[in-house]
Structure formats: C-alpha cells, structure tokens
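Numbering (the numbering used here), first residue to last: 480 to 761.
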C-alpha cells in the first residue's frame, strides 16, 4: 500500500509501518495514519459536520483526485494528519449536534443476542463456565434493551451528536480525534462508554460519574439511554467476537464490583425516575 499512498498524496515517506488496524506514516516531517472506512455513508455524514470545526477531530487529507479516500483491494481508506497524539483528554468531550437519526440499538442489540444464543446452543456442556458467563452477559444485554425501549417511548428529546464507536480509557487524542471512529448517536453514548472503560481499566467513583451527568446536563430521557449503555456489555462481546478470550479476565474479575457500582448509581437515579432491574436490587 505504500506506493498507493505515495501516488495519491505525493508524500515523501521516510517511515512506513503497517499495523493490524492502521498504517502509520512519517512524511514531510509530519505524522499520518491511514485507516479503513467502516461505513462510507456514515463517514460522509460525519465529514459534513466536522470539516468546518477548527481544532477538533483529525480531518482527512485530500488526494490528488480531490477525494477524501482512496481505494485499495476493493476497500476504502482515508489518510489524516495526526497532531498531539499523546495528549490526554481525560473526561473532556466535544459534542457536535447532528440532525441525523441514530441507529436503533434495540434492533442491533437484539440481533446480537440472537447470534449469541445460537452460540450457546452449539457449545459443549463441558464448557459450563463459558456458558454461565455468556448467559450472564446476554441477561445484561436484555436489560439494556428494556431500558433503551423505555427511553425511546419516553416524552421529550435526547440530543443527537457526533459520538464514537468506542471510547477507551485512557482517553488520548490519537483515538478520540480519529475520524474513522466517529458515528452519530445520543449524547450519553460517549459518557457511558468512558465510564465503563475507566471502571474496568482502573476505577471510577460514583462522584465522578455523577459529575459527568451534571456537567453535560443529561435530562431524564438521556439518563435512561445512559444506563442502557452502562448495562450493555460490549466490552465482553467485542472480545468474544475477536476470539480474545484470554483478555476477559479483568472484566470477569470485576464483575461483582461492577454490579455494586450499577446498583448504587441506579439507587441515586430513583430520585428522578424508577429504574428497576430486579437482579440489581437484591
């Protein structure tokens, strides 16, 4: 791919490294990254929102053909210049409003559950521990769907913003500003994903979580979406899908701690509305 990038961008490449999910390039005394575009339609919408916002999110470099992408082996890639990749954003988020409608995650998550139930059926009985854990996380996902449905039917509006497929802790500019990691969703998505990631990577307190809720002024409808995201165990499903079961230990080890965290958060939320998850109320 190196010659393709030279051709489209006329770069004097001095260092070229291909990684599993990105290509890292040093050229013209600057750092660039090339990444696969997951969803071209979504990417087009995102570019329309971020291009005129200075100093927020990395912008794709335009090719010699005046395009924001190039083709390689039947796939679309984009190249962007990386600035201050090691800058730690912590819990500082930028939310750009969008008039687009987010995906229906009740449908997305229900399809995922259906897939994992099929996996359960095919698992051998001697894998009882894996079966037990998968059943547990399927149950969490079903609770997340129930809250998501309640939020959808609730009166009022939830703000739709530029969000991220995943937020990871520590939250560095390198991943936060990557345009290929952006999507459209309700404002609680990034906040909840940050809370989950920090909880399992390090620890996050109830106080810090409440500060996020107050700082970004989540209304009652948004709060339901927030709890729905906290419940949905994408961290577990991501590793199962990637066949990285060896990385599950930190999540399984803190499973009971996370239950307690959710129980305390939901108890606090009862002041505004009832969020009743039976197994978390024990």
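Cβ atoms here follow ideal geometry from the backbone N, Cα and C, with glycine treated the same way.
Beta-carbon contacts of residue i that lie in its chain and below 6 Å, excluding the five residues immediately before and after
i: residue 630; result: 700, 703 and 704
i: residue 510; result: 561
i: residue 664; result: 581 and 642
i: residue 573; result: 535
i: residue 502; result: 513
i: residue 636; result: none
Reference residue i, options the options, closest by Cα
i: residue 595; options: 580, 643 and 621; result: 621
i: residue 634; options: 698, 688 and 611; result: 698
i: residue 651; options: 571, 527, 519 and 515; result: 571
i: residue 648; options: 569, 716 and 580; result: 569
i: residue 623; options: 726, 686 and 706; result: 706
i: residue 540; options: 508, 512, 748 and 564; result: 512
i: residue 669; options: 636, 687, 709 and 736; result: 709
i: residue 609; options: 482, 687 and 724; result: 724
Cross-strand partners of residue i (DSSP beta bridge)
i: residue 539; result: 559
i: residue 512; result: 503 and 559
i: residue 549; result: 556
i: residue 494; result: 505
i: residue 642; result: 662
i: residue 715; result: Looking at the DSSP assignment, residue 715 forms no beta bridge with any residue, so it has no partner.
i: residue 651; result: 567
Residue i beta carbon near the ligand SAH (any heavy atom closer than 7 Å)
i: residue 493; result: The ligand SAH is absent from the structure shown, which contains no ligands of any kind.
Continuous alpha helix (DSSP H) stretch holding residue i: start and end
i: residue 573; result: That residue, residue 573, is in no alpha helix (DSSP H); it is neither H nor E in DSSP.
i: residue 580; result: Counting along the chain, residue 580 falls outside any alpha helix (DSSP H), and DSSP gives it neither H nor E.
i: residue 724; result: Neither: residue 724 is in no alpha helix (DSSP H) and is coded neither H nor E.
i: residue 565; result: No alpha helix (DSSP H) contains residue 565, which DSSP labels as neither H nor E.
i: residue 746; result: 734-748
i: residue 615; result: 607-632
i: residue 530; result: Note, residue 530: premise wrong, no alpha helix (DSSP H); not H, not E.
i: residue 700; result: 699-710
i: residue 489; result: Segment: none, residue 489 is in no alpha helix (DSSP H) and carries neither H nor E.
i: residue 692; result: 685-694
Span of the beta strand (DSSP E), counted from its first residue to its last, around residue i
i: residue 661; result: 661-665
Minimum Cβ-Cβ distance from residue i to chain C less than 8 Å
i: residue 680; result: Reference to chain C is not applicable here, since this structure consists of a single protein chain.
Contacts around residue i, its chain only, beta-carbon distance under 7 Å, and the 5 residues preceding and following it disregarded
i: residue 537; result: 559, 560, 561, 656, 657 and 658
i: residue 589; result: 624
i: residue 733; result: 679
i: residue 654; result: 647 and 660
i: residue 726; result: 718
Beta-carbon contacts of residue i that lie in its chain and below 8 Å, excluding the five residues immediately before and after
i: residue 517; result: 644 and 659
i: residue 714; result: 675, 676, 679 and 730
i: residue 528; result: 575, 577 and 641
i: residue 490; result: 484, 504, 506, 507 and 511
Any contact of the stretch 493-511 with the stretch 632-644, i.e. 3+ C-beta pairs under 8 Å? The stretch 493-511 vs the stretch 632-644: no contact.
Could you check whether the stretch 542-559 touches the stretch 576-588, counting it as contact only if at least three pairs of C-beta atoms, one from each stretch, sit closer than 8 Å? Not touching, per the Cβ criterion.
Please determine if the stretch 669-679 and the stretch 599-615 are in contact, where contact requires at least 3 C-beta pairs separated by less than 8 Å. no
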